[in-house]
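Chemist: Residue numbers (this note's numbering), protein chains in the order written: chain A, 5 to 455; chain B, 5 to 455.
Protein chains: 2
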Amino acid sequence: MSALNSTHDPARRSWIESANAGNADFPIQNLPFGAFVRGGELRTGVAIGDRIVDLRALHDTALLEGDAALACASVRDGTLNALMALDARHVSALRGALSALLAQNAPARSRLESSIDAVLPQMNDVQLTLPCTIGDYTDFLTSLHHTERHGRYKGLADPLPAAFKSLPIAYHGRASSLRVSGGEVRRPYGQYRDAEGRVCFGPAPMLDFELELAAVIGRGNPLTQAIPIDDARAHIFGYCLLNDWSAKTIQWFEQVLGPFLGKSFHSSISPWIVTDEALAPFRKAAPARAAGDPAILPHLHGVQDQQSGGLDLQLFAQLSTAAMRRDHIEPVRITHTHLDNLYWTFAQMVAHHTSNGCNLRTGDLLGSGTISGASDESRACLTELTDAGKKPLALPSGESRIALEDGDEIVLSARASAPGAVSIGFGECRARIAPALPYPHAPYPLPHGEH
Amino acid sequence: MSALNSTHDPARRSWIESANAGNADFPIQNLPFGAFVRGGELRTGVAIGDRIVDLRALHDTALLEGDAALACASVRDGTLNALMALDARHVSALRGALSALLAQNAPARSRLESSIDAVLPQMNDVQLTLPCTIGDYTDFLTSLHHTERHGRYKGLADPLPAAFKSLPIAYHGRASSLRVSGGEVRRPYGQYRDAEGRVCFGPAPMLDFELELAAVIGRGNPLTQAIPIDDARAHIFGYCLLNDWSAKTIQWFEQVLGPFLGKSFHSSISPWIVTDEALAPFRKAAPARAAGDPAILPHLHGVQDQQSGGLDLQLFAQLSTAAMRRDHIEPVRITHTHLDNLYWTFAQMVAHHTSNGCNLRTGDLLGSGTISGASDESRACLTELTDAGKKPLALPSGESRIALEDGDEIVLSARASAPGAVSIGFGECRARIAPALPYPHAPYPLPHGEH
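(1) How far does the alpha helix (DSSP H) with Asp121 (chain A) in it reach, from first residue to last?
(2) Of all the residues that make up the stretch 362-375 of chain A, which are near chain B by a beta-carbon distance shorter than 8 Å?
(3) What is the DSSP secondary structure of Val354 (chain B), reduced to helix, strand or coil?
(4) Run through the DSSP bridge pairs and tell me what Val260 (chain A) is partnered with.
(5) Between Cys433 (chain B) and Leu416 (chain B), how many whole angstroms is the CB-CB distance? I'm expecting something under 8 Å.
(6) Taking DSSP as the reference, what is the three-state secondary structure of Tyr443 (chain B)?
(7) List, in order along the chain, the chain E residues whose C-beta lies closer than 8 Å to that of Gly194 (chain A)?
(8) If you measure between the beta carbons of Thr390 (chain A) and Leu397 (chain A), is that distance less than 7 Å?
(9) Using a C-beta to C-beta distance shorter than 7 Å, which residues of chain B count as neighbours of Val50 (chain A)?
(10) Determine the direct distance from the alpha carbon of Trp256 (chain B) to that of Phe144 (chain A), and round the result to whole angstroms.
(11) Does the stretch 10-25 of chain B come within contact of the stretch 277-284 of chain A, defined as at least 3 CB pairs closer than 8 Å?
(12) Since Cys204 (chain B) sits in a beta bridge, which residues does DSSP pair it with?
(13) Taking only runs of the beta strand (DSSP E) that begin and end inside the stretch 216-250 of chain B, which ones reach a length of at least 3 residues, in chain order?
(14) Just reading off the alpha helix (DSSP H) that Val79 (chain B) is part of, what are its end residues?
(15) Label Leu46 (chain A) either buried or exposed according to how many other C-beta atoms from any shown protein chain fall within 10 Å of its C-beta, with 16 as the threshold for buried.
(16) Could you name the residues of the same chain whose beta carbon sits closer than 6 Å to that of His455 (chain A), not counting the 5 residues immediately before and after it, in chain order?
(17) Helix, strand or coil for Ala418 (chain B)? Go by DSSP, reduced to three states.
(18) Counting only beta-carbon separations shorter than 7 Å, does Arg47 (chain B) have a partner in chain A?
(19) Mind checking if Leu8 (chain B) is an interface residue toward chain A, Cβ cutoff 7 Å exclusive?
(20) If I follow the unbroken alpha helix (DSSP H) through Leu102 (chain B), where does it start and stop?
(21) Does the beta carbon of Asp140 (chain A) come closer than 7 Å to any beta carbon on chain B?
(22) Buried or exposed for Asn27 (chain B), please, with buried defined as at least 16 other CB atoms from any protein chain shown within 10 angstroms of its CB.
(23) Compare the beta carbon distance of Ser181 (chain B) and Asn360 (chain A) with 7 Å and say whether it is the shorter of the two.
(24) Can you round the beta-carbon distance between Pro125 (chain A) and Ile231 (chain A) to whole angstroms, since I take them to be within the 8 Å contact cut?
(25) Starting from the Cα of Gly224 (chain B), find the closest Cα among B:Gln311, B:Ala86, B:Ala218 and B:Tyr243 and give me that residue.
(26) Judging by CA-CA distance, which residue of B:Ala199, B:Leu346 and B:Asn128 is the nearest neighbour of Leu171 (chain B)?
(27) Per DSSP, what kind of secondary structure is Leu301 (chain A) in: helix, strand or coil?
(28) Going by DSSP in three states, Tyr141 (chain B) sits in which element: helix, strand or coil?
(29) Given this structure, state the Cα-to-Cα distance separating Asp13 (chain A) from Ile240 (chain A), to the nearest angstrom.
(30) Would you mind telling me which residues of chain B sit closer than 8 Å to Ala435 (chain A), beta carbon to beta carbon, in chain order?
(31) On a Cα-Cα basis, can you pick out the residue from B:Cys244, B:Phe168, B:Gly313 and B:Arg183 that is closest to Asp234 (chain B)?
(32) Which residue from A:Ala292, A:Ile254 and A:Ser401 puts its Cα closest to that of Arg329 (chain A)?
(33) Establish whether the CB of Arg202 (chain B) and some CB of chain A are separated by less than 7 Å.
(34) Asn9 (chain B): which of B:Gly296, B:Pro285 and B:Asn24 sits nearest, CA to CA?
(35) Taking only the alpha-carbon atoms, compute the straight-line gap between Glu216 (chain A) and Leu245 (chain A) and give it to the nearest angstrom.
(36) Looking at the secondary structure, which residues open and close the beta strand (DSSP E) in which Ser312 (chain B) lies?
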């Protein structure tokens, strides 16, 4: 469990000036990890302001020693997985060393400044990639309000599944189609029922975003060895944003054994993994449960987790359309929510996931599920924002939306803040809907009437 | 699409005598691919009788040329993935060269015989491993009889989901807990409702096996690029057996978004991938649909797939208990089914899976779902064999089963046969249920009454 240390010192500022702006996502207190392509080579790095510490280039300066040097050497192959699998003290040592090297009064400042473009390239000059190799991706369903609203839209007598308050409900997601923030999400084809109830196949008409936070696993566990709740947070390396794009019409038709093609066409994550250590100042109690909720079973109940399993984290989604960008209208914030809206903590998700002996591997991704709250502004997907299409979302361009149209762009962001701490951000998770491609070698769309 | 060639010649016999037995799974016409550990090193190989061609050792003999040598060189790192990603002609060339080298009249026979233990170790002398790196594992639900019976057990008014005849239903499975045949399956813990309806947590009381065939992807597809039905089979490298172990009580309680902990504790596959090419003599028409079934949508309808998307493949499950083994009672065959019992072909599964642009990667595993048929003997899991527990399975030891007990061992096998062809097998997929471990740091099982 991460404790406060010198890297959290709110008085510390960096000689990288862009890191000191009040609204900077990546001040010296954050130091999140990511990966990027530079000169055709895969590299790993740490974000600071608008620059990236290139860990391989830093290692070559020989400015690091001990555990920090060992941690830095582990990522020379261009993926973070080896670093993430190390004991937390190595990562902590590396963050400590980076914080010291980047602090305003760092003795090595002039040496680093003289080779700044080699060791600290501008973030805009490189191409960010997935931060690590992700073996398995699991998506949870832990917001009570999201779950209840969807149950009501489906007309269920009891909109909350019976198991919801006993365990964090989850399903396996598709790992191969996870992509880093940026670029396009291609509108998928799929089978669905048209207005007349006929089964048809074509570009999915109802695309949605879903705002989630995802934990990235550090040390894994061997098959058959459950992770006790008290150890669970120590297996989480850090967190990133996740947009779990959904094709609702495909989902409604196909869903028997859970989501499949309605989600597997693309999922986006933000490029920077904010470490569990960096989030220490923002820890708070796990969200309280309602009186009358069932007691948490012992294997999901941790004293420390109850005391500090929450995070003071606000999350946002903004939307811009092609027309808005053309007319220079600012993107509009459509969601403002809080991590408190999750019924289960990430430690509980880890403990539950492994309670049957299932092994997590370094780099595995655990999505929280859509983080919707009770309030209207905290609805974290268009389906909820429009009451399942009944109340279209009005945009400043005069347009309205019940689903995402081609050209629409969604940007997710998040900010952790607490009294006395320098607030930190997660960067952004951005992508734009691109029109469906012609379907290969098949007569789609079908001539009218041929369904 | 694989055509008949010299490797299928039924007259060809091998100088490896064990390959020529009438009931051999691995005659010279099969030549399936796998991986193993030898002297602490990961190797790849091809099964022949009771031996394995060690592809690295074979490559070192310099007996191969051209495409065959290239294919053989691609697997020097000890995994099959690079070989599987090659164009089919490379694999075909390698199989052709192996068939020639292993044929009774092979000119190189004496050279290979003189170094037989280096190039062709006994299968029993090495440890078989997962044949390839599996990025994503997808499990389908394509047996109408399995699906209908389970719908009836649940008391559904319409036991067949609406989408069943429009698309091959599927869910994402857990890749990290896939294990090769052999060894133990640890009984998982999980939440379920006890007889009084209380939510409890403990070792899962109702374990089941599920007999499936799985396709292993060769060449993948880029994200957003659907694989047309006519190309789909060319993306399948081969097939293996899959036992989709299920903890039914966990599944019943947790299942909202599909199977999760009820299956993710362990899935077993057989070690040898029987290539699509080796199966060419056993191709048959896709199983006929009933009159009145909906027409297959164009993107899932391939003329060649309809003509040859089926396989003449019988599949078997046998069970032995600890008491049976102690009393030297032979394992009892509990399932005898046929691949004809699938409503969808594997090419249709591939075309559907990628129809939304989802990318398959080399090594991805696509399970068929439990291959149950209409007859009693073709029921391919204990839930069906016992009518959901109502008719316990009587065993020759005097025991009976409605679920798997600790010590029970399941062995899956399969055999392709056709007039005029040498029949081939898949080896076995074997594992034994081991008792649950004590649960770490939590008071389980709970004292009576504390639920």
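Every residue, glycine too, gets a C-beta built ideally from N, C-alpha and C.
Modeler: Concretely, from the data shown:
(1) Sequence index remark: in the first sequence, residue 121 (chain A) carries index 117 (1-based). According to the DSSP assignment, Asp121 (chain A) belongs to the alpha helix (DSSP H) that extends over Ile120 to Val123.
(2) Within the stretch 362-375 of chain A, the qualifying residues are Cys362, Asn363, Leu364, Arg365 and Asp368.
(3) As a working mapping, residue 354 (chain B) is identified with position 350 in the second sequence. Val354 (chain B) carries a helical assignment under DSSP once its states are collapsed to helix, strand and coil.
(4) Taking the first residue of the first sequence as position 1, residue 260 (chain A) is located at position 256. According to DSSP, Val260 (chain A) bridges with nothing at all.
(5) The count along the second sequence starts at 1 and reaches residue 433 (chain B) at position 429. The count along the second sequence starts at 1 and reaches residue 416 (chain B) at position 412. Confirmed, about 4 Å.
(6) Taking the first residue of the second sequence as 1, we reach residue 443 (chain B) at position 439. The DSSP-derived three-state label of Tyr443 (chain B) is coil.
(7) Chain labels in this structure do not include chain E; the protein chains are A and B.
(8) Stepping through the first sequence from its first residue, residue 390 (chain A) is reached at position 386. Stepping through the first sequence from its first residue, residue 397 (chain A) is reached at position 393. Remark: C-beta atoms of Thr390 (chain A) and Leu397 (chain A) approach each other more closely than 7 Å.
(9) Residue 50 (chain A) sits at position 46 when you count from the first residue of the first sequence. Chain B residues near Val50 (chain A): none, gap ~28 Å exceeds 7 Å.
(10) Your numbering for residue 144 (chain A) matches position 140 in the first sequence. Your numbering for residue 256 (chain B) matches position 252 in the second sequence. Going by the C-alpha atoms only, they are around 17 Å apart.
(11) The stretch 10-25 of chain B is not in contact with the stretch 277-284 of chain A.
(12) The residue given as residue 204 (chain B) occupies position 200 in the second sequence. DSSP output for Cys204 (chain B) lists B:Tyr196 as bridge partner(s).
(13) 240-247, all fully within the stretch 216-250 of chain B.
(14) Position 75 of the second sequence holds residue 79 (chain B). Secondary structure note for Val79 (chain B): it is in no alpha helix (DSSP H), with a DSSP letter that is neither H nor E.
(15) As a first step, residue 46 (chain A) is located in the first sequence; it is residue number 42 there, counting from the start. It is exposed - the Cβ of Leu46 (chain A) has fewer than 16 other Cβ atoms within 10 Å.
(16) The sequence position of residue 455 (chain A) within the first sequence is 451, counting from 1. Confidence in His455 (chain A) is poor, its pLDDT being 44 and thus under 50, which makes the residue's placement unreliable; the coordinate value appears in the next sentence. Residues of the same chain with a CB within less than 6 Å of the CB of His455 (chain A), apart from the 5 flanking positions on each side, are Arg202 and Cys204 in chain order.
(17) For the purposes of this step, residue 418 (chain B) is taken as residue 414 along the second sequence, with counting starting at 1. Strand.
(18) Residue mapping note: residue 47 (chain B) aligns to position 43 of the second sequence, counting from 1. With respect to chain A, the C-beta atom of Arg47 (chain B) has no partner C-beta closer than 7 Å.
(19) Against the second sequence, residue 8 (chain B) aligns to sequence position 4. It does not: the Cβ of Leu8 (chain B) has no partner Cβ on chain A nearer than 7 Å.
(20) In the second sequence, counting from the first residue as 1, residue 102 (chain B) sits at position 98. Per DSSP, Leu102 (chain B) belongs to the alpha helix (DSSP H) from Ala92 to Leu106.
(21) As a working note, residue 140 (chain A) is residue 136 in the first sequence. With 7 Å as the cut-off, Asp140 (chain A) counts as an interface residue toward chain B.
(22) Here residue 27 (chain B) corresponds to residue number 23 of the second sequence, with the count starting at 1. It counts as exposed.
(23) To locate residue 181 (chain B), count along the second sequence from 1; it is residue 177. To locate residue 360 (chain A), count along the first sequence from 1; it is residue 356. No, these two residues do not count as a Cβ contact at 7 Å.
(24) As a working note, residue 125 (chain A) is residue 121 in the first sequence. As a working note, residue 231 (chain A) is residue 227 in the first sequence. That belief does not hold up - the Cβ atoms of Pro125 (chain A) and Ile231 (chain A) are roughly 37 Å apart, past 8 Å.
(25) On the second sequence, residue 224 (chain B) is found 220 positions in, with the first residue counted as 1. It is B:Ala86.
(26) If you number the second sequence from 1, residue 171 (chain B) lands on position 167. Nearest C-alpha to Leu171 (chain B): B:Leu346.
(27) One-based indexing of the first sequence puts residue 301 (chain A) at position 297. In this structure, DSSP gives Leu301 (chain A) a state outside helix and strand, which the three-state scheme calls coil.
(28) Looking up residue 141 (chain B) in the second sequence gives position 137. Note: Tyr141 (chain B) maps to strand in three-state DSSP.
(29) As a first step, residue 13 (chain A) is located in the first sequence; it is residue number 9 there, counting from the start. As a first step, residue 240 (chain A) is located in the first sequence; it is residue number 236 there, counting from the start. Ile240 (chain A) has its alpha-carbon roughly 23 Å from the corresponding atom of Asp13 (chain A).
(30) To locate residue 435 (chain A), count along the first sequence from 1; it is residue 431. Per Cβ cutoff of 8 Å: no residues; Ala435 (chain A) is ~13 Å from chain B at best.
(31) Sequence index remark: in the second sequence, residue 234 (chain B) carries index 230 (1-based). Minimum Cα distance to Asp234 (chain B) is reached at B:Gly313.
(32) On the first sequence, residue 329 (chain A) is found 325 positions in, with the first residue counted as 1. Measuring from the Cα of Arg329 (chain A), the nearest candidate turns out to be A:Ser401.
(33) For the purposes of this step, residue 202 (chain B) is taken as residue 198 along the second sequence, with counting starting at 1. Nearest CB-CB separation between Arg202 (chain B) and chain A: not below the 7 Å threshold.
(34) Within the second sequence, numbered from 1, the residue matching residue 9 (chain B) stands at position 5. Selected option, being the one with the closest Cα: B:Pro285.
(35) As a first step, residue 216 (chain A) is located in the first sequence; it is residue number 212 there, counting from the start. As a first step, residue 245 (chain A) is located in the first sequence; it is residue number 241 there, counting from the start. In this structure, the straight-line span from the alpha carbon of Glu216 (chain A) to that of Leu245 (chain A) is close to 6 Å.
(36) The residue you call residue 312 (chain B) lines up with position 308 of the second sequence. For Ser312 (chain B), there is no enclosing beta strand (DSSP E); the enclosing alpha helix (DSSP H) has its first and last residue at Val307 to Ser312.
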